[in-house]
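> Here's a structure for you.
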Amino acid sequence: MEVSTLVSLISTVSQRGSDMSKVCPKLHSTMEWQERMNRTVIEKIRCMLSHANLSRMFWGDAMVAAVQIINLSPTTVLKGDVPEKLWLGKDVSYKHLRVFGCRAFMHIPKDERSKLDNKSKECIFLNFGDDKFGYKLYDPESKKTFRSRDVVFMEDQTIKALDKTGQIESYVDDLIELDPEEDLEPDAGMGNVEANHERDIEYDNNLQEGAQPEVHIPAAPDTSTHVPEVRASSRNRVPSTRYPANEYILFSDGEEPLYYQEAIGRDDKKDWLTAMQEEMNSLHKNNTFTLVDKAAGIKVLRNRWVYKLKPVEGSSKPKYKARLIVKGFGQRHGIDDGEIFSPVVKMTFIRLVLGLVASLNMELEQLDVKTAFLHGDLEENIYMEQPEGFEVKGKENMICKLQKRLYGLKQAPRQWFKRFDSFMANQGFKRTQVDHCAFVKEFPGNDFIILLLYVDDMLLVGRDIKKVTGLKKDLSREFKMKDLGQAKHILGIEIKRDRSKRLLWLSQEEYVLKVIKRFNMNYAKSVNCPLSAQFKLSSTQCPVRKEDIESMRKVPYASAVESLMYAMTCTRPDIGYSVGVVSRYLANPGKEHWEGVKWILRYLKGTTDICICYGKGNAVMEAYTNVDMAGDSDSKRSTSGYVFYFAGRAISWQSKLQKCVALSITEAEYIAITECCKEILWLKRIFKELKIKQDKGVLEEKQMLIDKVDTSENAADMMTKVLHRNKHEVCCAKVGLSFAA
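This is the structure we're talking about:
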């Protein structure tokens with residue numbers, strides 16, 4: 001490099017706020033992070049070229065695409081932030097991203113084609129673009145590059161993956177053939193799902209090396225394209241624009257794939273393929289659907305795969321679970337569905353029963369129903385597409401007529417519950433009136449069994465393990481069940497137990513950690529209270545200007561509040577008041593409201609391992625209630641709160657605004673006590689139906705004892721107002737929140 005050129009380079013770099021320093025030649029250790037970044041880019045280039053079956057002449061485009069992806073990806077160096085976002089000072093978009101080297105169809109303007117010519121040209125996608133500059137494409141026939149914004153992408157295909165008949169095949173590997181389950185007799189009309197072996201891909205070596213001229217094609221108003229017919233399941237589904245593209249990426253925690261193509265493009269794709277094959281085997285065994293020709297005028301529903309990783313006790317490798325669901329939102333009310341309501345057991349009932357288990361040292365077992373919704377019979381004629389990845393060869397144009405209920409159908413939960421309720425009645429179980437998903441059966445000698453049902457998850461509680469085991473066998477004969485043994489996890493809640501001390505803990509540590517990671521709060525500094533006194537949230541802080549409203553729409557406010565609300569409902573009464581406050585502004589949240597949500601997440605980050613503990617104690621039910629007079633600055637309504645105890649531990653809690661404006665503190669307190677008494681009456685009916693005896697003098701028939709307690713002893717204080725650290729910790733201890741042993 002000439003001296004003048006070097007001086008000019010140093011001057012330019014200095015003007016842009018960067019420094020240049022000298023290092024010894026060939027001494028790579030002095031430039032560690034630069035060399036490591038070069039290696040990262042080279043590895044991405046190599047993989048991208050290999051995946052797209054492209055020659056080295058496209059390395060430059062692959063490098064540009066790789067660097068753009070790096071700049072759009074969160075990094076730990078910036079504490080989870082995106083480099084391009086910080087550089088530009090504004091939110092980044094992911095809508096323009098496409099798979100490098102995929103098959104694409106570029107629209108040809110009218111003035112460059114005759115009436116009988118194709119409206120589109122088949123190309124290879126090389127580089128990203130935008131509405132202004134367009135995408136960079138390569139035409140293998142003319143060996144030229146083009147720019148266009150009117151493009152249709154086939155992201156799961158490459159232009160070279162052609163068989164001898166000229167039909168386009170998916171570039172990704174098809175599903176492997178697994179051994180069928182015993183006694184598996186699929187419907188004759190379904191045929192077999194053929195497993196294709198690895199294809200020999202012919203590489204085109206006729207590409208000439210060297211630079212290719214780039215021709216710019218202006219965008220045309222007519223964006224219609226002529227695309228060869230492909231399988232319906234290979235279409236690229238465009239996500240709803242209700243949320244920005246970066247929010248869809250935010251919700252992906254990087255552990256469970258969101259779509260079929262993502263599942264089979266991962267390193268653990270064989271595990272996901274096995275899980276999907278197991279699901280298909282189960283569908284065939286239950287004769288869930290048959291293939292029929294598509295008739296004119298019928299509604300065909302779409303479907304999708306849902307993937308889940310479930311922890312396995314005693315193993316570091318989770319269980320891979322795949323489930324086929326129907327997109328039931330396409331059903332027409334009154335035609336494709338009827339009554340759809342189906343109950344689930346209330347969380348308060350679950351906590352009460354678990355408190356009984358700890359107090360009386362009872363047996364606690366768990367069952368999981370495999371494909372529960374398939375056990376309900378179908379009354380309507382419903383059709384859907386063939387499952388993605390499992391299209392029957394030679395019958396791709398046929399559709400599935402459902403014979404059984406399937407996950408996603410609006411009426412599927414109701415039909416499953418009706419079938420299960422009928423079976424339990426035949427077994428001598430009585431459905432409780434306070435909760436229709438709780439079943440009780442009494443035995444001589446003051447013995448009983450309680451079964452709690454939450455869709456397809458069951459908890460079985462009893463004194464005698466033999467009776468509980470007998471019920472499990474009866475259920476397994478009627479339904480296809482998975483015996484999970486002693487209950488360890490239920491609805492994302494971990495159950496820890498020490499039977500020698502009669503202690504039981506409920507923890508959502510794993511769930512809370514996922515929430516913190518999902519909303520990018522991994523590196524935030526933790527705080528010691530769920531909401532600080534500095535937050536004076538009100539509707540005056542809601543955005544008014546259009547640009548401010550649009551900016552806040554990019555913030556996952558509703559999703560974060562929903563995640564916090566689930567934790568509060570299950571095991572975290574300590575955030576009850578805080579979540580209630582931030583949930584008031586879901587319709588139009590402002591920046592201050594979002595800061596309040598992040599503050600709660602910071603509090604959870606510092607208390608991830610906190611649990612609610614149940615133990616031995618007298619069967620006494622107590623309730624504490626409190627009110628904050630005119631606590632809401634917007635409506636001047638008061639905030640009521642209560643906490644219910646059984647055997648000295650909290651089983652029910654609530655924090656909510658009163659429905660009317662109280663004219664005095666006395667009126668507000670009466671309203672709060674009334675809400676508390678409603679819960680008492682409901683819990684009292686539970687105790688009566690479960691034959692739980694209460695200590696005399698505390699709660700008698702048609703009588704409640706109301707007494708005043710000092711504010712320092714009232715645990716319901718944290719349900720109505722912001723507390724300082726010491727008082728908050730006292731209230732947490734009183735409701736039974738502690739750290740598991």
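Start counting the sequence shown at 1; every next residue gets the next number (full-length UniProt numbering). Quick reminder that beta carbons are idealized off the backbone N, C-alpha and C, glycines included. Here the structure is a predicted model, which means the values were calculated and not measured.
Mind reading off the beta-carbon distance from PHE349 to ASP421? Whole number of angstroms is fine, and I expect it under 8 Å.
Against the sequence shown, residue 349 aligns to sequence position 349. Against the sequence shown, residue 421 aligns to sequence position 421. Not a contact, Cβ separation roughly 16 Å.
> Sort out for me which residues DSSP pairs ARG431 with in a bridge.
Here residue 431 refers to the residue found at position 431 when the sequence shown is read from its first residue. In DSSP, ARG431 forms a bridge with PHE439.
> Mind checking whether GLN403 and THR540 have CB atoms under 8 Å apart?
Translated into the one-based positions of the sequence shown, residue 403 becomes position 403. Translated into the one-based positions of the sequence shown, residue 540 becomes position 540. No, these two residues do not count as a Cβ contact at 8 Å.
> Nearest to LEU690 by alpha carbon, out of THR432, GLY615, SER8, ASN303?
The residue you call residue 690 lines up with position 690 of the sequence shown. Minimum Cα distance to LEU690 is reached at THR432.
> Between the stretch 705-717 and the stretch 617-636, can you find at least three pairs of beta-carbon atoms closer than 8 Å?
Judged by Cβ distances under 8 Å, the stretch 617-636 makes contact with the stretch 705-717, as three or more pairs qualify.
> Is TYR624 helix, strand or coil by DSSP?
Here residue 624 corresponds to residue number 624 of the sequence shown, with the count starting at 1. Residue state, collapsed to three classes: strand.
> Ignore the nearest five residues each way along the sequence and tell me which others in ILE217's own chain have a CB closer than 7 Å to its CB.
As a working mapping, residue 217 is identified with position 217 in the sequence shown. Bear in mind that the predicted position of ILE217 carries a pLDDT of just 39, short of 50, making it unreliable; the figure below should be weighed with that in mind. Within the same chain, ILE217 has close Cβ partners PRO109, PHE146, ARG147, SER148.
> Can you tell me which residues form a DSSP beta bridge with GLN654?
The residue you call residue 654 lines up with position 654 of the sequence shown. GLN654 is bridged to TYR642.
> If you compare alpha carbons, which of GLY60, PHE687, LEU97 is closest to SER73?
For the purposes of this step, residue 73 is taken as residue 73 along the sequence shown, with counting starting at 1. The candidate whose alpha carbon is nearest that of SER73 is LEU97.
> Would you mind sorting THR607 into buried or exposed? The rule is 16 or more other CB atoms within 10 Å of its CB.
As a first step, residue 607 must be located in the sequence shown, where it is residue number 607. It counts as buried.
> Distance check for GLU380 and SER252, CA to CA, integer angstroms please.
Locating residue 252 in the sequence shown gives position 252, where the first residue counts as 1. Locating residue 380 in the sequence shown gives position 380, where the first residue counts as 1. The predicted model places SER252 with a pLDDT of 42, which falls under 50 and marks its position as unreliable; any figure quoted below should be read in that light. Distance between the alpha carbons of SER252 and GLU380 is about 35 Å.
> Would you report the Cα separation of GLY328 and LEU301, rounded to the nearest angstrom?
Taking the sequence shown and counting its residues from 1, the one referred to as residue 328 is at position 328. Taking the sequence shown and counting its residues from 1, the one referred to as residue 301 is at position 301. Approximately 7 Å between the Cα atoms of the pair.
> Tell me the rounded alpha-carbon separation between VAL468 and GLY462.
For this step, residue 468 is matched to residue 468 along the sequence shown. For this step, residue 462 is matched to residue 462 along the sequence shown. Their Cα atoms are separated by approximately 6 Å.
> Which residues in the same chain as ALA558 place their Cβ atom closer than 7 Å to its Cβ, once the five residues preceding and following it in sequence are excluded?
Counted from its first residue, the sequence shown places residue 558 at position 558. Hits under 7 Å: LEU586.
> Can you tell me the Cα-Cα spacing of ARG725 and ASP150, whole angstroms?
If you number the sequence shown from 1, residue 725 lands on position 725. If you number the sequence shown from 1, residue 150 lands on position 150. Going from the Cα of ARG725 to the Cα of ASP150 covers about 59 Å.
> If you count every other CB in all the chains shown that lies within 10 Å of the CB of ASN127, and 16 or more means buried, which is it?
Taking the sequence shown and counting its residues from 1, the one referred to as residue 127 is at position 127. By the 10 Å Cβ count, ASN127 comes out buried.
> Count the C-beta pairs between the stretch 381-391 and the stretch 514-531 that are closer than 8 Å, then say yes if the count reaches three, no if not.
No contact exists between the stretch 381-391 and the stretch 514-531.
> Give me, in chain order, the residues of the same chain whose beta-carbon lies closer than 8 Å to that of VAL172; leave out the 5 immediate sequence neighbours on both sides.
Stepping through the sequence shown from its first residue, residue 172 is reached at position 172. Confidence in VAL172 is poor, its pLDDT being 35 and thus under 50, which makes the residue's placement unreliable; the coordinate value appears in the next sentence. Taken in chain order, the residues that qualify are ASP156, GLN261, ILE264, GLY265.
> How many whole angstroms separate the CB atoms of LYS308 and LYS321, which I take to be in contact at a CB cut-off of 8 Å?
The residue labelled residue 308 in the question sits at position 308 within the sequence shown. The residue labelled residue 321 in the question sits at position 321 within the sequence shown. Sure, about 5 Å apart at Cβ, within 8 Å.
> Name, in chain order, the residues that DSSP records as bridge partners for GLY615.
Numbered from 1 along the sequence shown, position 615 holds the residue referred to as residue 615. Per DSSP, LEU503.
> Considering only their Cβ atoms, is the gap separating VAL555 from TYR603 smaller than 8 Å?
For this step, residue 603 is matched to residue 603 along the sequence shown. For this step, residue 555 is matched to residue 555 along the sequence shown. Contact flag unset, no.
> If you reduce the DSSP assignment to three classes, tell me which class ASN71 lands in.
Along the sequence shown, one-based indexing puts residue 71 at 71. ASN71: helix per DSSP, three-state reduction.
> In the structure shown, what three-state DSSP assignment does CYS542 receive?
Counting from 1 along the sequence shown, the entry for residue 542 is found at position 542. Reduced to three states, the DSSP call for CYS542 is coil.
> Per DSSP, which one or two residues make a beta bridge with TRP305?
Residue numbering aside, residue 305 sits at position 305 when the sequence shown is read from its first letter. The partner list for TRP305 (beta bridge, DSSP) reads LEU324.
> Kindly indicate which three-state DSSP category GLU363 falls into: helix, strand or coil?
Here residue 363 refers to the residue found at position 363 when the sequence shown is read from its first residue. Three-state DSSP puts GLU363 in a strand.
> Classify GLU379 as helix, strand or coil using the three-state DSSP reduction.
Along the sequence shown, one-based indexing puts residue 379 at 379. Here GLU379 sits in coil by DSSP.
> Please report the distance separating the alpha-carbon of GLY736 from that of ILE575.
The count along the sequence shown starts at 1 and reaches residue 736 at position 736. The count along the sequence shown starts at 1 and reaches residue 575 at position 575. Looking at the two C-alpha atoms, the distance is approximately 14 Å.
> If we require 3 or more residues per run, which beta strand (DSSP E) segments fall completely within the stretch 46-120?
Here the runs fully enclosed are 103-107.
> Cutting at 7 Å between CB atoms, please list the residues of its own chain near ALA487, excluding the five before and the five after it.
Here residue 487 is taken as the residue at index 487 of the sequence shown, counted from 1. LEU364, GLU365, GLN366, LEU459, ILE495, listed in sequence order.
> Taking the Cβ atom as the reference point for each residue, do PHE739 and CYS611 lie within a distance shorter than 8 Å?
Residue mapping note: residue 739 aligns to position 739 of the sequence shown, counting from 1. Residue mapping note: residue 611 aligns to position 611 of the sequence shown, counting from 1. Yes, the pair counts as a contact, with Cβ atoms nearer than the cut-off.
> What residue from LYS393, ALA372, ASN397 has the CA that sits closest to MET384's CA?
For the purposes of this step, residue 384 is identified with residue 384 of the sequence shown, where counting begins at 1. Of LYS393, ALA372, ASN397, the residue nearest in Cα terms is ASN397.
> Which residues does DSSP pair with ASP474 in a beta bridge?
Position 474 of the sequence shown holds residue 474. Beta-bridge pairing links ASP474 to no other residue.
> Who does GLY485 pair with in a DSSP beta bridge?
Position 485 of the sequence shown holds residue 485. The partner list for GLY485 (beta bridge, DSSP) reads GLN366.
> Compare the Cα-Cα distances from PHE646 to each of LYS430, VAL23, CYS613, ALA296 and report the closest residue.
Indexing the sequence shown from 1 puts residue 646 at position 646. The shortest C-alpha separation from PHE646 is found at CYS613.
> With DSSP run on the structure shown, which of helix, strand or coil describes MET398?
Taking the sequence shown and counting its residues from 1, the one referred to as residue 398 is at position 398. Of the three classes helix, strand and coil, the one that applies to MET398 here is coil, per DSSP.
> Excluding five sequence neighbours on each side, which residues of the same chain lie with their C-beta closer than 8 Å to the C-beta of HIS593?
Your numbering for residue 593 matches position 593 in the sequence shown. So the qualifying residues of the chain are LEU537, GLN541, CYS542, TYR557, VAL582, TYR585.
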